[in-house]
Structures are given as structure tokens and as C-alpha cells.
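A quick write-up on the structure given underneath.
Number of protein chains: 2
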Amino acid sequence: MTAAARTARTAGTALEGPHGDHSDHGAHDDPYAELAGRLAAVGMVKRELSRSLPQTCPAGPAAVLSLLGRYGDMRLSPLSELLGVDLSVTSRHVAHVVAHGWTERLPDPRDGRCRILRITPAGRELLDELGSRYSAALRTALVDWPTEDIGTLNTLLTRLRSSF
Amino acid sequence: MTAAARTARTAGTALEGPHGDHSDHGAHDDPYAELAGRLAAVGMVKRELSRSLPQTCPAGPAAVLSLLGRYGDMRLSPLSELLGVDLSVTSRHVAHVVAHGWTERLPDPRDGRCRILRITPAGRELLDELGSRYSAALRTALVDWPTEDIGTLNTLLTRLRSSF
DNA sequence: TATTGTTATACTCTATAACTATA
DNA sequence: TATAGTTATAGAGTATAACAATA
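Here the protein sequences line up with chains Z and F, keeping their order.
Going by the working numbering, the first sequence opens with residue 1, and the numbers climb by one from there.
Going by the working numbering, the second sequence opens with residue 165, and the numbers climb by one from there.
Now the structure itself:
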């Protein structure tokens, strides 16, 4: 690691000292190739997190509830855009949360083809529950992480998504 | 990339959405809850990257080749550990790359139940090709990223994986 | 005709469980 | 009995394409 990288503004003290991981699984000369491998490994983390979800609400529908809860009522298209998946996939996830009474489809007075998606009180309740579980799981796993590093990771992942 | 394109991207990359609508993927007070959302968004990036793969080699088998190419010969168990998925899943991915002639299964003189997995020259050739595509796709997407930020992201994702 | 959603189909990835072969 | 690996099965996630309804 170069001195410039060590003193990078985002790094902070916590990023220094890799503690001499002598096994060094993943020493790449190409940082882009390395990043590709790191992203693949994120899948493991996501699978671990999704194990804290109830059987009745898989990750896809849970993401729908999360976005409806955060951004409020919206149509299917922008929801699909936020999820970053095809409209057909979004439609199925929405059908799931509607079938469970966690979301309702209100008529859109401006366009008969569309419906306004709105989270129900029951959906809000479930969402709070899910958020608690996710947070608890992450807090447990990252108990020895400095808060600033979590913030840095959040910032970088946000930038990563918008770069695509 | 042109300066105009870079400017356009940077404008849309700001942490806060310029339109105040759904651009911001999550202003959270809870950094753990925020991280959960960020990780979900990584899936979109991974799907985008995997579109550069050939039809004959999906992401799972490609990951097998990548690890065998990087760490050398190994048995199925440690490979499964590196992939972070179940042994049965690893077995199927390996069967795929073996069927395509990209990997061979050599007898293990120390344990008749095991076989040594080794990437073939054809597999190495494909791996180089895949690596080039992945790197090119990432380099294009992250052209306006400071190098040290990529390094920081790699470091944090590595730590994230080991925290689970 | 174009746009918004929905549904049918197929493919990938994953885990669980049952099974085989060897230690 | 225990362990390494394979295979069968099922469930979740996704995309493409065909379709219906409305603009």
C-alpha cells in the first residue's frame, strides 16, 4: 500500500494496518480484477443476512417494502428502477407483498394503466421488524468495525451503484 | 471518456439526488440499515458485470476458474470455502468447467475420496479472456474514481467478508 | 401506435437431504 | 462411524417474450 493510499481521506486510522494477513487471499495486481472478486464475495454476506428473514417474506419482496416505506407511494416503473431489476420481476415481488396484505394497489387517477403502490400498516409493521433483524445481524458481525469505516463503505457502495 | 460525460456522471453521482425524488437510495440514520440497502444494490452491479460473460460460462463456473487460476490446484472442500457456498453447489460448478475441458480432476494420492482440481490450458485461456472483460467493464464504469478509493473499497469488502 | 403492467417460460444460483465411496 | 464428494429436489431471483389494457 502506498503512502498516498494510507493517508487517503476516506481511510482513517482503521484502514491502516492490515495486521499482516500472511495468507493474503486475493493479492491482485489489477485493482479492477480484485474488485470483481470482492463483489462476488458480497453474495455470501447477503445470503447470510437473508437468513434472518421470515419464511413468508423473501429478500425480493422485502426490498419492495423497504423502498415503499422509505420513499412513499409510487408506481411500478420507478420502483423497478430503484430495485435495479426488470419490470416483470418487480411485478412479481409486488404481487407477493400485495397477496400478504403488506401493500395495496390504489387506482391512479392520472393513468388508468397504472396503480399507486402503498405500504399498509401491516407492511409497515413487518418492515420495522425486518429492519431490526438486519441491523442486529450487521451490528453483531461488524461489532469491531469503527463507525467511520461503515460510513466509508456506505459512501463507496453508493458511488459504485451510481457508476453503473 | 470525455469531459462532458464525466461531468454528467459526476452530477448524477452526488450523494443527494439533484431532483429530490427517488435518486437517493437511502438516507438512513442507522448505518447498519443503510449498509443492508447498499449491499442489496450491489446485486445490480454484479448482474451488469455478468452480462460480459460468454453463454458457455456463467458466473458460478467463472468464479471456480478464477480461484483455481489464482490459488492453484486444490480439492473441492477448500474451493467451496473460498467460494462461500455449499459443497454441493461447488460440485456442480466444477462439473460444468470439467465438462467444458477447462478443469481436470486428478486423483489424490493421499485420499481416494478426493480429487485434485487443476485448471487446464484451455481454462487458463478462457480465464484470461474473462478477466479482461471484467476489468474492462469495471475500468469503464469507474473511470472517474480515484485509484485510492478503489483500493479502499477492496479493503473494506475484504474485511466485510471476513467479518461473516 | 406507444406505453404500462402482467403472465408464461426458462435459466442460474442456492441449500437440504439422500446417496456412494473411501478413511 | 466419520468424512469427501455427488446427485436429486425444491425454492428464490432474474430476464425475455408474449400478452392485455390504456394512452
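We treat Cβ as the ideally placed atom computed from N, Cα and C, and that holds for glycine.
List, in chain order, every chain Z residue whose beta-carbon is nearer than 9 Å to that of residue i.
i	result
F/M238	Neighbours of F/M238 on chain Z: none; closest Cβ ~12 Å, over 9 Å.
F/P242	Residues of chain Z passing the Cβ test: none, with the nearest at roughly 11 Å.
F/T267	The premise fails here: F/T267 is roughly 18 Å from chain Z at the closest Cβ pair, so nothing lies under 9 Å.
Taking the beta strand (DSSP E) that residue i belongs to, which residues open and close that run?
i	result
Z/P107	103-107
F/L281	279-283
Kindly indicate which residue of the options has the alpha-carbon position closest to the one of residue i.
i	options	result
Z/A59	Z/R38, Z/V97, Z/S88	Z/V97
Z/S80	Z/W102, Z/Y71, Z/R70, Z/S91	Z/S91
Z/R159	F/Y196, F/P218, F/R202, F/D292	F/R202
Z/D111	Z/S88, Z/R75, Z/D144	Z/R75
F/A226	F/L294, F/P310, F/L317	F/L294
Z/T56	Z/L126, Z/L83, Z/S77, Z/L153	Z/L126
Z/P54	Z/G84, Z/S132, Z/G72	Z/S132
Z/D86	F/R234, F/L306, F/R211	F/R211
Z/R51	Z/P78, Z/A136, Z/P121	Z/A136
F/R288	F/M208, F/R234, F/A197, F/D193	F/R234
F/G236	F/I280, F/D292, F/A305	F/I280
F/R325	Z/G84, Z/A99, Z/V143, Z/G43	Z/G43
F/S230	F/L302, F/Y298, F/L321, F/V307	F/Y298
Z/A36	F/L306, F/T319, F/S327, F/L302	F/L302
F/V307	Z/D128, Z/S163, Z/L156, Z/V143	Z/S163
F/L232	F/P285, F/S252, F/V209, F/D194	F/P285
Z/L82	Z/L156, Z/A95, Z/E34, Z/V64	Z/V64
F/L213	F/L317, F/A305, F/H264, F/N318	F/A305
Which residues in chain Z sit within 8 Å of residue i, going by Cβ to Cβ distance?
i	result
F/V209	L39, L160, R161, F164
F/V206	L39, V42, K46, L157, L160, R161
Just reading off the alpha helix (DSSP H) that residue i is part of, what are its end residues?
i	result
F/T322	311-326
Z/V97	87-99
Z/G112	Element bounds for Z/G112: n/a, residue is neither H nor E.
F/V307	Neither: F/V307 is in no alpha helix (DSSP H) and is coded neither H nor E.
F/L199	195-214
At 8 Å on the CB atoms, spell out the chain F contacts of residue i, in chain order.
i	result
Z/I150	P195, Y196, L199
Z/E48	F328
Using a Cβ cut-off of 9 Å, pull out every chain F residue sitting near residue i, in sequence order please.
i	result
Z/R124	Simply none; closest approach about 15 Å.
Z/V89	By Cβ distance, chain F contributes nothing, its closest Cβ being about 11 Å from Z/V89, past 9 Å.
Z/T147	P195
Z/L106	Chain F residues near Z/L106: none, gap ~18 Å exceeds 9 Å.
Per the DSSP calculation, residue i is bridged to which residue(s)?
i	result
F/M238	F/L281
Run down chain F in chain order and give the residues with a C-beta less than 7 Å from the C-beta of residue i.
i	result
Z/G131	A197
Z/R139	Y196
Z/A65	First, the residue type needs correcting, since residue 65 of chain Z is Leu and not Ala in the sequence shown. The premise fails here: Z/L65 is roughly 12 Å from chain F at the closest Cβ pair, so nothing lies under 7 Å.
Z/L117	Correct list: empty, because the minimum Cβ distance to chain F is about 13 Å.
Output, in chain order, the set of chain Z residues within a Cβ distance shorter than 7 Å of residue i.
i	result
F/S216	Within chain Z, no residue comes near F/S216; the closest Cβ sits about 10 Å away, beyond 7 Å.
F/G233	Within 7 Å Cβ-Cβ: nothing; F/G233 doesn't reach chain Z, min ~11 Å.
F/L291	The premise fails here: F/L291 is roughly 10 Å from chain Z at the closest Cβ pair, so nothing lies under 7 Å.
F/G276	Per Cβ cutoff of 7 Å: no residues; F/G276 is ~28 Å from chain Z at best.
- Query: Taking three-plus beta-carbon pairs below 8 Å as touching, is the stretch 99-108 of chain Z in contact with the stretch 134-150 of chain Z?
  - Reply: no
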